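In order, the protein sequence lines correspond to chains W, Z and V.
Sequential numbering from 543 applies to the first sequence in my numbering.
Sequential numbering from 297 applies to the second sequence in my numbering.
Sequential numbering from 675 applies to the third sequence in my numbering.
The beta-carbon is built from N, C-alpha and C at its ideal position, and this holds for glycine as well.
These numbers come from a predicted model, not from an experiment.
This report concerns only the one structure given below.
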Amino acid sequence: MTGPVLEIENLSLSIGRHAILKDVDLTVRAGEVVGLVGESGSGKSMTALTVMGLLPHAARTAGSVRFIGEDLLSATEDRLCDLRGDDIGMVFQEPMTALNPVKTIGEQVAEGIRWHTGANRPEAESRARAILARVGLPEEKFPLSRYPHELSGGQRQRVVIAIACALHPKLLIADEPTTALDVVLQAQILDLLRELVAENDMGLILISHDLGVVADMADRIAILRRGEVQEAGETASVLREQKHPYTRALAEASTHVPAWANAATPPGDEHRLLELENVARHYPGHRKGLFGRGEPVRAVDGVGFSVRAGHSVALVGQSGCGKSTLARMILALDRPTSGKIVFDGMETSALGERALRPARREMQVVFQDPYGSFDPRQKIETSVAEPLHLMDERMGRREKRERVTEALVEVGMTPADRDKYPHEFSGGQRQRLAIARAIITRPKLVVADEPVSALDVSIRAQILDLFAKLNDDLGLAFLFITHDLTVARAITHDVLVMDHGKIVETGKTSTVLDHPQTDVTRRLIAAAPDLQRAITRRLTAG
Amino acid sequence: MLSYALRRIAVVLITLLAASAIVFAVLEIVPGDPARLMLGMNAGEDAIAALREQMGLNQPLLIRYFSWLGGLLSGDFGRSYTYSVPVIDLVRERLVVSLPLALMALFLSTAIAIPVGIFSASRRGTASDAGVMAATQLGIAIPNFWFALLLVYVFAVTLRLVPAGGFPGWQAGFWPALASLLLPAIALALPQAAILSRVTRSALLDVMGEDYIRTARAKGLPANIVLWRHALRNALIPVLTILGLQFSFLLAGTIIIENVFYLPGLGRLVFQAITQRDLIVVESVVVLLVATVIIVNFLVDLAYAWADPRLRRR
Amino acid sequence: MEEELIALEHEDWRHFTRKAFTNRSFLAGALITAVVVAVALFSFAWTPYDVTKLVIADRLQSPNAAHWFGTDHFGRDILSMIMVGSRNSIAVALIAVGIGIAVGVPLGCWAAAKRGLADEVLMRASDIVFAFPALLSAVMITAIFGPGIVNAIIAIGIFNIPVFARVARGGALALWPREFVLAARASGKRAGLITVQHILPNIANLLLVQGTIQFSLGILAEAGLSYVGLGTQPPAPSWGRMLFEAQTMMTIAPHMAIVPGLAIIVTVLGLNLLGDGLRDVLDPRLRRQR
Chain W
543 MTGPVLEIEN LSLSIGRHAI LKDVDLTVRA GEVVGLVGES GSGKSMTALT VMGLLPHAAR
603 TAGSVRFIGE DLLSATEDRL CDLRGDDIGM VFQEPMTALN PVKTIGEQVA EGIRWHTGAN
663 RPEAESRARA ILARVGLPEE KFPLSRYPHE LSGGQRQRVV IAIACALHPK LLIADEPTTA
723 LDVVLQAQIL DLLRELVAEN DMGLILISHD LGVVADMADR IAILRRGEVQ EAGETASVLR
783 EQKHPYTRAL AEASTHVPAW ANAATPPGDE HRLLELENVA RHYPGHRKGL FGRGEPVRAV
843 DGVGFSVRAG HSVALVGQSG CGKSTLARMI LALDRPTSGK IVFDGMETSA LGERALRPAR
903 REMQVVFQDP YGSFDPRQKI ETSVAEPLHL MDERMGRREK RERVTEALVE VGMTPADRDK
963 YPHEFSGGQR QRLAIARAII TRPKLVVADE PVSALDVSIR AQILDLFAKL NDDLGLAFLF
1023 ITHDLTVARA ITHDVLVMDH GKIVETGKTS TVLDHPQTDV TRRLIAAAPD LQRAITRRLT
1083 AG
Chain Z
297 MLSYALRRIA VVLITLLAAS AIVFAVLEIV PGDPARLMLG MNAGEDAIAA LREQMGLNQP
357 LLIRYFSWLG GLLSGDFGRS YTYSVPVIDL VRERLVVSLP LALMALFLST AIAIPVGIFS
417 ASRRGTASDA GVMAATQLGI AIPNFWFALL LVYVFAVTLR LVPAGGFPGW QAGFWPALAS
477 LLLPAIALAL PQAAILSRVT RSALLDVMGE DYIRTARAKG LPANIVLWRH ALRNALIPVL
537 TILGLQFSFL LAGTIIIENV FYLPGLGRLV FQAITQRDLI VVESVVVLLV ATVIIVNFLV
597 DLAYAWADPR LRRR
Chain V
675 MEEELIALEH EDWRHFTRKA FTNRSFLAGA LITAVVVAVA LFSFAWTPYD VTKLVIADRL
735 QSPNAAHWFG TDHFGRDILS MIMVGSRNSI AVALIAVGIG IAVGVPLGCW AAAKRGLADE
795 VLMRASDIVF AFPALLSAVM ITAIFGPGIV NAIIAIGIFN IPVFARVARG GALALWPREF
855 VLAARASGKR AGLITVQHIL PNIANLLLVQ GTIQFSLGIL AEAGLSYVGL GTQPPAPSWG
915 RMLFEAQTMM TIAPHMAIVP GLAIIVTVLG LNLLGDGLRD VLDPRLRRQR
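Okay, structure coming up:
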């Protein structure tokens, strides 16, 4: 038993009049992974910034934060600079913006090494080379002279980890390190973190909103809500016993399966509502030389499938596999380079905007980002009524208002919400409003692009329920674009697995997910965080 | 990087061509016959016709444009209608006043603005930041020619430290010549410095809010080191844009400022040429200045690519 | 998903006024601008003295009780001339901004909606216009087509066009990939309708802020042109013209130069403060969108 690396006791934090943290206790020992779980606004990132001493100026703290016995709250800025990057490292959520775009990855990794050890440039560079190789960026493929924009999101996150771990810190704080990555990359990054913890005997605070990820990684967890620790302890016992009601609610929400009457037998008359034949979308390659261009990028490369009326279908794949491009073509927001898309008997890929109107009426969309989905300057009524523009007969104000009211009630909102503006709603409510807009024309198909991935788990469960209800009540067909297999499992009949622009596997959702036939699918399934599986594994291991 | 530069050069050439065509076209539609102007009111019709022929004014428009353009490229700007000397000679003797003036002003404004911007950004929210920002706000609002009048009144008329105007010529010695350009350069530079320092400050503050600054802080670098090593180079990109634009402002500014200080520069040349309807001189000077602006902006573009590696591959 | 989209929050009127009344830049700028405009309007009804009447006996008086800002070399009251001159400055700058908005904004929105060749052509064309130093070209235009207020307006206005075109284009380009615009497209709305319903309302703030900046630049440009004798023509008083006439009187009557200069500075300062304040009060986040 080693002594604690980090001890947080009765930590309280306020910014202005807002209390952010209240009496938070947390201990991290060497070689231990502590999971800090909470929904947005729970104060988990602020806890991390407190330890780093990188809080905004207006923040006031009370209590104590001790790093190997040394009080950090009263430490001078000079002392904190000595600790940061040397004894305490940190990894952030957004790999795309976490690196300086005008410096090479070599400079950025070596910089901390030189600063703390006083090593000369060649020395620091050789150490940078070693740590980059360790995080999976060997010099043969990723020379130090690479710039961040030449790397993918997952690779950039590896660079950030290399920066944080270059000097073998005793404590690493990872704030949602994989939230911006797809499941396969997430699994790889988590594996890397786990290995680094074991190799260096460092303590790791893993901050996440995803109970599945934390359950898999953490030895102990603390569940945070509105700045207070609700429950803390050994991961396995906390998650098995679920003594605290909030823990139970979180666990239930993350494994939530909606009550769905049509789950086994899809409604509808089985005719093919949407058919794709050999659809491809190529983008021009990077410029090379004065006039030349490289090979075109085949974002979607010969895709064919169909969606039957009333069926709910998932299109799953890693980010960059072409699923969002495909969704845009289905929605006729982009045109295929070749191939044919037929919706409800109309070849939408060949129609002009005017001729598309009947098709658009029957096909609506829900986006991932509930914040960007609404024009901030329009009232909800105007935004939700927007698809009524597609109706052939012109609608009076009254009739429009009635239709909006009807749609709002259907998604669990109230008629009074018509006259509000988008900023008056929470993320979950906005997603309901987006669904209301999508169903107002009574379409036959709704395409939903990652509709729940930006939402907290409890909200996400409610939105999944709503989708199930709409399929039950209206017989609506869905196409869910997602990288999240739990969404596919919860709410779809069939699944399409996409990889590098091609559909590699199709079939009934349960069949494909339980008996995958291709490596791509197997990899997706293995990578997906699964709370139940993680708990079982912890119990059998312990 | 090379192909980026080549493509930019192609764009520069097209822009130059288009700009020269515009200047040519504008002056083409101006009323008044240059031949008649050159020979004066009392000239006979025959003499005018002969001169028109000699000047090539009877040729088709396109031919005249290309021969004019060809002349420009070979340094033959034509002959002044009023002075009857090659335009290039007129321009050359004026350029030795205007160019040093514009460069001095550019240097002064940059040398003042960038440190001030950095200072202000690093002391964000303090009284000194507020004071500097108030001063720059005032600086932007001051018309440079009024500021020039004020400088003349204070330093030349009242204190008699420098000459109130005129230019002794470089042959009078380096320092006297430089001294006579000092006030005009300051008058041009200070309002520009006010703008530039505000841009520098806000660009730095924008960059200081970026995620990668937090990453650098998490490495253990103190805030001021982060500012120098990480923020400055990123903030340089908007600053460079403004610098490019400023050069154009300064060139235009010299035209007016030269009038305040009675400096025999390009600005004075243009004004005299305009009043005497010596259009070929106007044409040449405008094209020269426009070409300078385009080329400076091209250099700024190359500097972008140096500052931002993401641009090199486009 | 990779970039965190920043919520563009709607500012309702109450919210706007509350922020406006606590923003010092905005308050000071709005106050100064209002006073300048009020003075210009008031000058139509009344000025202390008649600016067209020359009273040689009263010439070159320093500021005193009868002539608050003194008199010029023709004995005209400088305060009255400043008041009347403000009309020209404001009118020229305002109409020039109007030209810029009326032509530039539709062009910019069009380029952003069409992308491709249209966009490329517009950007290159604006590069060409930007290559002409604005004041130099204004000098050229007014010199060739004759000095005068109308040509000054046109000369300044032309250079406002690419400025507004670029601002509108930049704002619109940031909005087109946004999900609410995609939703409008999925609702069958054409580019024109989307521009009117979604794009313009969301870039209005940007245009307003740019408008105040161009307004203040217009005031400076008009003063510069009039100073070199190419703007407002005598006998109509104008701030720039007053400075030109003051130049030769500098040693005996410095107030002739100081007063019009201060008028220009106060006006431009007011507009710049107003622009800065508006930028903070209205949505500051729109600027940071990619």
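Is there a C-beta anywhere in chain Z that falls below 8 Å from the one on residue i?
i	result
D801/V	yes
R798/V	yes
T925/V	yes
R959/V	Its pLDDT being 45, under 50, R959/V is placed unreliably in this model, and the coordinates cannot settle the point.
G844/W	no
I747/W	no
Y723/V	no
G951/V	no
Y963/W	no
Rounded to whole angstroms, how far is the Cβ of residue i from the Cβ of residue j, which I believe are closer than 8 Å?
i	j	result
G367/Z	G374/Z	6 Å
G1028/V	V841/V	This structure does not reach residue 1028/V, given that chain V is present from 675 up to 964, and the question cannot be answered.
Taking residue i as the query, report the chain A residues whose CB atoms sit under 7 Å from its CB, ordered along the chain.
i	result
A808/V	Going by chain labels, chain A is absent from the structure shown, which instead holds the protein chains W, Z and V.
Terminal residues of the continuous alpha helix (DSSP H) containing residue i?
i	result
D950/V	H929 to V955
F743/V	Element bounds for F743/V: n/a, residue is neither H nor E.
Q542/Z	L528 to F557
R870/W	K865 to I872
Y300/Z	L298 to E324
A760/W	From DSSP, A760/W is part of no alpha helix (DSSP H); its letter is neither H nor E.
I438/Z	First-last for I438/Z: undefined, no H or E at that position.
Does any CB atom of chain V fall closer than 8 Å to the CB of residue i?
i	result
Y449/Z	yes
W442/Z	yes
N555/Z	yes
I551/Z	yes
F545/Z	yes
V907/W	yes
R902/W	yes
Using a C-beta to C-beta distance shorter than 7 Å, which residues of chain W count as neighbours of residue i?
i	result
D597/Z	Neighbours of D597/Z on chain W: none; closest Cβ ~16 Å, over 7 Å.
P534/Z	Going along chain W, no residue has its Cβ under 7 Å from P534/Z, so there is no contact; the nearest lies around 13 Å.
K863/V	H931
P852/V	Contrary to the premise, residue 852/V reads as Arg rather than Pro in this sequence. By Cβ distance, chain W contributes G914.
Using a Cβ-Cβ cut-off of 8 Å, state whether residue i counts as contacting chain W.
i	result
R692/V	no
G516/Z	yes
Could you work out which residues of chain Z lie near residue i, taking near to mean beta carbons separated by less than 7 Å?
i	result
A640/W	D507, Y508 and T511
Using a Cβ cut-off of 9 Å, pull out every chain V residue sitting near residue i, in sequence order please.
i	result
Q350/Z	Per Cβ cutoff of 9 Å: no residues; Q350/Z is ~24 Å from chain V at best.
Give the interface partners of residue i over in chain W, defined as CB-CB distance under 8 Å, in chain order.
i	result
A937/V	Within chain W, no residue comes near A937/V; the closest Cβ sits about 38 Å away, beyond 8 Å.
N530/Z	N642, P643 and V644
D425/Z	Per Cβ cutoff of 8 Å: no residues; D425/Z is ~14 Å from chain W at best.
D604/Z	P643 and V644
I'd like the span of the beta strand (DSSP E) that includes residue i, first residue to last.
i	result
H710/W	Premise fails: H710/W is in no beta strand (DSSP E) and is neither H nor E.
M632/W	I630 to V633
N552/W	P546 to I557
E649/W	Where E649/W is concerned, there is no enclosing beta strand (DSSP E), although the alpha helix (DSSP H) it sits in stretches over I647 to T659.
So which residues on chain V does residue i lean against when the C-beta distance must stay under 8 Å?
i	result
R979/W	A857
Please list, in chain order, the chain Z residues whose beta carbon lies closer than 8 Å to that of residue i.
i	result
E636/W	D507
Between the region 1062-1081 of chain W and the region 891-899 of chain W, are three or more C-beta pairs nearer than 8 Å? no
For the region 598-608 of chain Z against the region 934-953 of chain V, do three or more pairs of beta-carbon atoms, one drawn from each stretch, fall closer than 8 Å, so that the two count as touching? no
Between the region 765-784 of chain W and the region 1052-1064 of chain W, do three or more beta carbon pairs fall short of 8 Å? no
Three or more C-beta pairs under 8 Å: does that hold for the region 657-664 of chain W against the region 601-620 of chain W? no
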